[in-house]
Amino acid sequence: MTPGEQAADAALAKKQTLWFLGIVALCAIIPFLHTLNFQFLNWDDDRYVLRNPFLGSVTWGKLQGVLTSSYYFNYHPITMLSYMVNFAVSGMHPAGYRAVNILLHACACMGVFMLLVRMEITRTASLFLALLFAVHPLRLESVVWISERKDVLCGALYVWALVCWVASGKKFPALSVLLFVLALGAKAMAISFPLVVLWHDLLLRRTQMRERIPAYALLLGLSVLFAWLNMSAQEHAISAQLSMLERLKLATFAPTHYAMTTFWPLRISPLYPVEFRPSAHSLGLIGGLLTCIGGLAAVVRYWKRNPLVSFGLLAAATALAPVSGLIAVGSAFAADRYSYIPTIPLLLALGPFAMRASSQRIGRIILGVIVLGYFTSTIALSRTWSDSVALWERVLKVYPESIEGRRNLADAWSIRAVSSPADAQRYYEKALEIFPADGKAIQFRGDALIEAQQWKEAEAVMKSALAETEIRSIVKSYALAMSALCAHRLGKLEEANALAKQAFDPAILNPQAVDEFVFIGYTAGRIGRFDVTDRYYSAALEREPSNTEVLQQLAFLRMQQKRPAEALQFIERAAAISPADPSIQHNLSLVRQEAAKMQ
Numbered sequence: 018m019t020p021g022e023q024a025a026d027a028a029l030a031k032k033q034t035l036w037f038l039g040i041v042a043l044c045a046i047i048p049f050l051h052t053l054n055f056q057f058l059n060w061d062d063d064r065y066v067l068r069n070p071f072l073g074s075v076t077w078g079k080l081q082g083v084l085t086s087s088y089y090f091n092y093h094p095i096t097m098l099s100y101m102v103n104f105a106v107s108g109m110h111p112a113g114y115r116a117v118n119i120l121l122h123a124c125a126c127m128g129v130f131m132l133l134v135r136m137e138i139t140r141t142a143s144l145f146l147a148l149l150f151a152v153h154p155l156r157l158e159s160v161v162w163i164s165e166r167k168d169v170l171c172g173a174l175y176v177w178a179l180v181c182w183v184a185s186g187k188k189f190p191a192l193s194v195l196l197f198v199l200a201l202g203a204k205a206m207a208i209s210f211p212l213v214v215l216w217h218d219l220l221l222r223r224t225q226m227r228e229r230i231p232a233y234a235l236l237l238g239l240s241v242l243f244a245w246l247n248m249s250a251q252e253h254a255i256s257a258q259l260s261m262l263e264r265l266k267l268a269t270f271a272p273t274h275y276a277m278t279t280f281w282p283l284r285i286s287p288l289y290p291v292e293f294r295p296s297a298h299s300l301g302l303i304g305g306l307l308t309c310i311g312g313l314a315a316v317v318r319y320w321k322r323n324p325l326v327s328f329g330l331l332a333a334a335t336a337l338a339p340v341s342g343l344i345a346v347g348s349a350f351a352a353d354r355y356s357y358i359p360t361i362p363l364l365l366a367l368g369p370f371a372m373r374a375s376s377q378r379i380g381r382i383i384l385g386v387i388v389l390g391y392f393t394s395t396i397a398l399s400r401t402w403s404d405s406v407a408l409w410e411r412v413l414k415v416y417p418e419s420i421e422g423r424r425n426l427a428d429a430w431s432i433r434a435v436s437s438p439a440d441a442q443r444y445y446e447k448a449l450e451i452f453p454a455d456g457k458a459i460q461f462r463g464d465a466l467i468e469a470q471q472w473k474e475a476e477a478v479m480k481s482a483l484a485e486t487e488i489r490s491i492v493k494s495y496a497l498a499m500s501a502l503c504a505h506r507l508g509k510l511e512e513a514n515a516l517a518k519q520a521f522d523p524a525i526l527n528p529q530a531v532d533e534f535v536f537i538g539y540t541a542g543r544i545g546r547f548d549v550t551d552r553y554y555s556a557a558l559e560r561e562p563s564n565t566e567v568l569q570q571l572a573f574l575r576m577q578q579k580r581p582a583e584a585l586q587f588i589e590r591a592a593a594i595s596p597a598d599p600s601i602q603h604n605l606s607l608v609r610q611e612a613a614k615m616q
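Take 18 as the starting number for the sequence shown in this note's numbering and just add one per residue.
Structure follows, in C-alpha cells:
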C-alpha cells in the first residue's frame, strides 16, 4: 500500500470514528430527553439541590468548605462544585440539572467507544457495544436521578482516564492521572482505577510496567487517601446490621445480581432493600458461588488465548468490589448505579465476541435488535423517575413488603398534599393508608384537630401513631409532644408532664440528623417549651452553621422571645448564604417589619 493510500485510509477511518462518536452521543441523549420535564424527588434531591447550603452566591468560604469538608456522608468536592455551577446557570429548575447529567452520560459513552477502539476492537463492534452501554435501563438511575450526578461525572472522568492511560504508551500518563484525581473528587468508587490499569498492563502491556512504577505508586497513594476520607465521612452511615459472614455472602452474590439485571432488566428497582437480599437464602448463595466460579474459569481459560477477555472480567470484578456489599452502607443490598463503571470493562470482555458477531449480517441484526430492545425498555421504565410517587410505587411493585418503600411513598403523597391544597385531605388520607406512621400526615391531621380544639380526637390520632412499630424518632417525639398538649388541655397534668419529658429525650435522636433537631425544636415551640426549642435549634446550628432552615427558625424564635436584634442577625445570615431563595427574602422582609415595630 502506497503512502497516499495509507493516508486516505487513515482519513477515512478518522471520519468514520467521528461519525460513530456522533451516533453514540445522540443515542445516549435521545432516550433521556423527555426526562427533562421530571420533578425533584423526595430522595436526596432536597439535600443536594433544594437545601444545599453551598448553593447560591459563590463565596471563598463556600469554596473552601466544599474542598475541605465532606457533605452528606461523602467527600466529593468535584460533584459539589458541579452543583454550584449548575445552580448559577439554571437556579432551582430540575431540567437544568438533568440536562447536565445527560450530557455527562453522553461524554462517558463517547469515552467507552474510544476505549473499545483503542483496545483494537473494530469500530462496528465498538459502536454496538457503546450503544448497549448508552441505552441500557440500568443507566436510568445514574442519569435521571439528580442526586446521582456523582455517578455520571465520575464515570465520564474514569473512562477518559482509561483512554488516556491506554494511549500514553511508555510516557508518564500525566493526563490520565489528572482525570483520575478528578474522578476521585466526583465519587469514591474511582478507587478501583489503579488495580484496573495494573491488570491492563499485566495482561496486555507487560513490557511497559517497569517505566510505570512511579505512576502506579502515585495512583495507589491517591486511592488510599480518598478511600480514607470517604470512610471517615461515612462512619455514621455504614450499616452494622449485617455480620461479616453476611457481607461476604452479599459480595459473593453481587456479580449474579448485576449479571441478571444486565441481561433481564425488566424488574429493576430504585431501591433493593437489604432485608430482601437473595444472598440470605441458600439458592441465592449457590447462584453467587456458581457465577464467581464461572467468571474465574473464564479468566483462566482466556488468560493466554485472548487476554482482553480476562482483563475485562478482572477489571469489572475489581470495579465492583468497593460496592459489592463487603462494606454495607445504607439500607440496600445493591443499586443500579453501582453497575455504571463496572460495565465499562465488562464490554471489553465482550469485545472479541461482538467483533465476531458484527462481522456477519445476521450478527449485526441481532445486536441491533438487542440495542433497540434496551432503548425501548429504558424509555418505558423511565416513568419510574418522573416524580416521587411513581418512584416509590415502582419500589413497592418489586418489593411489596418494603417498609422503607411504604414510608417514602406516604411521604411523597404528603409532599403532594402540601403543593395541592384542594386535594390535601385526600392525599394525607392516602398517605396514612399506605403508612400509618407517616410524619407529615400525622402532623396534618393532628394540627387540624388541635386547631379545632378536638382534644380527645387529636389524642387518639397521636396514640394510634405511637402504637406503630415502625414510627421514626422525630415522628414519635412529635406524637408524644402533641399527646402531652392534649392531656394538658384535658386536665391530665401529671400525664402531660410525663409525656413532654419523653418527647424531648435526646436519647431517641440521631446526633448527626440535623433535620431531627429542627423538627423537635419546632415541636417544643408548639407546646410553649421555648427553652427546649432554643436548645435544639442551637445544637442544629452548631452541627451545620450554614443551614438556612435552622437560621430562619432561630430568627422566628428570637422574635417570639422579643429579641429583634438577634432575629435580624440570624435571618440576614440565611439571606447571605442563599440570596436567590425567594422564601428567605420573604421571611427577611417580615422579620424586618416586625423588628421595626418592636424597636
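Just so it is clear, CB atoms sit at the ideal spot from N, CA and C, and this is done for glycine as well.
If you drop the 5 nearest sequence neighbours on each side, which residues of the same chain put their C-beta closer than 7 Å to that of residue i?
i: H93; result: K167, G202, A203, K204
i: V106; result: G113
i: R229; result: D218
i: Y416; result: S286, P290, F293, G422
i: A458; result: A427, S431, Y445, A448, L449
i: A268; result: S341, G342, L343
i: D61; result: S164
What are the boundary residues of the beta strand (DSSP E) that residue i is part of?
i: A582; result: Run containing A582: none in the beta strand (DSSP E); it sits in the alpha helix (DSSP H), 581–594.
i: A351; result: 349–351
Beta carbon of residue i, beta carbon of residue j: below 7 Å?
i: A42; j: A123; result: yes
i: N59; j: I432; result: yes
i: L103; j: V169; result: First, the residue type needs correcting, since residue 103 is Asn and not Leu in the sequence shown. The answer is no: Cβ separation not under 7 Å.
i: F328; j: W216; result: yes
i: S86; j: Y357; result: no
i: G128; j: V176; result: yes
i: L196; j: L174; result: yes
i: S296; j: F270; result: yes
i: A45; j: C171; result: no
i: A504; j: A513; result: yes
i: A314; j: L330; result: no
i: A496; j: A482; result: yes
i: A151; j: I208; result: no
i: F392; j: P154; result: no
i: N581; j: M615; result: It is worth fixing the name first, because residue 581 is Pro in this sequence and not Asn. Yes.
i: P359; j: A333; result: yes
i: L132; j: L199; result: no
i: A234; j: P190; result: no
i: M136; j: L364; result: no
Tell me which residues share the same chain as residue i and place their Cβ nearer than 8 Å to its Cβ, disregarding the 5 neighbours each side in the sequence.
i: R140; result: A30, Q33, T34, F37, V134
i: P438; result: none
i: W320; result: L220, S327
i: V83; result: F71, P94, M97, L98, M101
i: P324; result: L220, L221
Once the 5 residues before and after residue i are set aside, which same chain residues still bring their CB inside 6 Å of it?
i: S405; result: L58, N59, A429
i: F587; result: L568, L571, A572
i: M109; result: none
i: R575; result: E583, A584
List the residues that DSSP assigns as beta-bridge partners of residue i.
i: Y289; result: A351
i: Y88; result: N91
How is the alpha helix (DSSP H) around residue i delimited, first residue to last?
i: S296; result: S296 -> no alpha helix (DSSP H), and no H or E assigned at all.
i: S403; result: Segment: none, S403 is in no alpha helix (DSSP H) and carries neither H nor E.
i: T273; result: 261–280
i: P154; result: No alpha helix (DSSP H) holds P154; DSSP gives it neither H nor E.
i: F197; result: 191–203
i: Y416; result: That residue, Y416, is in no alpha helix (DSSP H); it is neither H nor E in DSSP.
i: R575; result: 565–577
i: Y553; result: 547–560
i: A188; result: This sequence places Lys at residue 188; Ala is not what is there. Counting along the chain, K188 falls outside any alpha helix (DSSP H), and DSSP gives it neither H nor E.
i: R609; result: 599–615
i: D218; result: 210–221
i: H122; result: 111–135
i: M226; result: M226 -> no alpha helix (DSSP H), and no H or E assigned at all.
i: V66; result: V66 -> no alpha helix (DSSP H), and no H or E assigned at all.
i: W472; result: 472–483
Q.
What ranges does the alpha helix (DSSP H) occupy inside the segment 324–386, keeping only unbroken runs of at least 4 residues that lie completely in it?
A. Listed in chain order, they are 324–337, 357–375.
**Q.** alpha helix (DSSP H) segments (min. 4 residues) lying fully within the segment 485–522
**A.** The qualifying runs are 490–506, 510–520.
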